[in-house]
Amino acid sequence: PLLERCSNMLDDKGNLIPLDVEAIEKASISMASHGMRVIAFARRFVPSDQKTLHHKHVATGLTFLGLQGMIDPPRPEAIKAVKKCQEAGIKVKMITGDHAYTARAIGEQMGLEGERVGGKLHVLTGRELEKMSKKDLIEEVDKVTIFARITPEQKLILVRA
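Here it is, written out as C-alpha cells:
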C-alpha cells in the first residue's frame with residue numbers, strides 16, 4: 010500500500026507535517042463506504058540528472074499528497090437486471106477487484122441479497138480466500154454474495170468452487 014511508502018504529508022498550506030495514517034485511512038474508508046473508488050497520491054523528488062525510475066526509487070520516503078474519490082454508480086439497467094434475476098430465483102454474485110467497502114456499497118445500491126454481518130452484506134476478500142481450504146471455500150461461495158479485491162486467478166477458483 011502507498012501509505013507504507015510515505016514518511017510525511019502536506020497540510021492544507023503545503024507544509025510538510027508528520028503522516029497521519031489513522032486520519033487518511035478513516036477518510037479512505039468513508040469514501041469507499043459511499044461507493045467511491047479511492048486513489049491515493051504521493052510524490053518524491055529525484056535528482057534532475059536521474060534518467061531512470063525503478064521500484065527502489067519509490068519504495069520509501071514518499072510525501073502523501075491526498076486522496077481522490079471517484080463515483081461510478083451502477084447503471085439503472087444493471088439494477089433492473091439484478092432484480093429480474095432475483096425474481097427468477099437466480100442468486101446474483103459480485104466478483105470485483107474493488108476495495109471491500111466500495112464493493113459492499115455498490116452491491117447495496119444494486120439490491121444484492123445475501124448473508125449479512127452486522128446488518129451489512131458479507132464481503133469475502135481475496136486475502137481471506139487465500140487462507141481457506143477448498144472445502145471451506147465451497148461452503149462460503151454458496152453463502153457470500155460479494156467477493157472483493159479478487160485477482161483474475163482467484164476469479165477462476167471462485168467459478169470452479
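Numbering (this note's numbering) for the sequence shown: 10 to 170.
All C-beta atoms, glycine included, are put in the ideal place defined by N, C-alpha and C.
query                                                                                                                                    : result
Straight-line CA distance for Met103 to Val47?                                                                                           : 19 Å
Taking the alpha carbon of Met119 as the reference point, which residue from Thr154, Arg136 and Val55 has its own alpha carbon closest?  : Thr154
Hey, is Val55's beta-carbon within less than 8 Å of any beta-carbon in chain D?                                                          : Included in the structure is just one protein chain, with no chain D present.
Relative to the alpha-carbon of Asp107, which residue among Asp20, Lys92, His64 and Ile38 has its alpha-carbon at the smallest distance? : Ile38
Let me know the alpha helix (DSSP H) ranges lying completely inside the region 94-137, each 4 residues or longer, listed in chain order. : 109-119
Measuring alpha carbon to alpha carbon, tell me which of Pro56, Gly70, His63 and Asp151 ends up nearest Arg14.                           : Gly70
Going along the chain, which unbroken runs of the alpha helix (DSSP H) with 4 or more residues stay wholly within the region 20-95?      : 30-42
What three-state label does DSSP hand Ile155 in the structure shown?                                                                     : strand
Measure the Cβ-Cβ separation of Glu149 and Leu133 and say whether it is below 8 Å.                                                       : yes
Per DSSP, which one or two residues make a beta bridge with Met177?                                                                      : A question about residue 177 goes unanswered here, because the residues of the chain that appear run from 10 up to 170.
In terms of residues, what are the limits of the alpha helix (DSSP H) holding Glu162?                                                    : Pro161 to Arg169
If you count every other CB in all the chains shown that lies within 10 Å of the CB of Ala157, and 16 or more means buried, which is it? : buried
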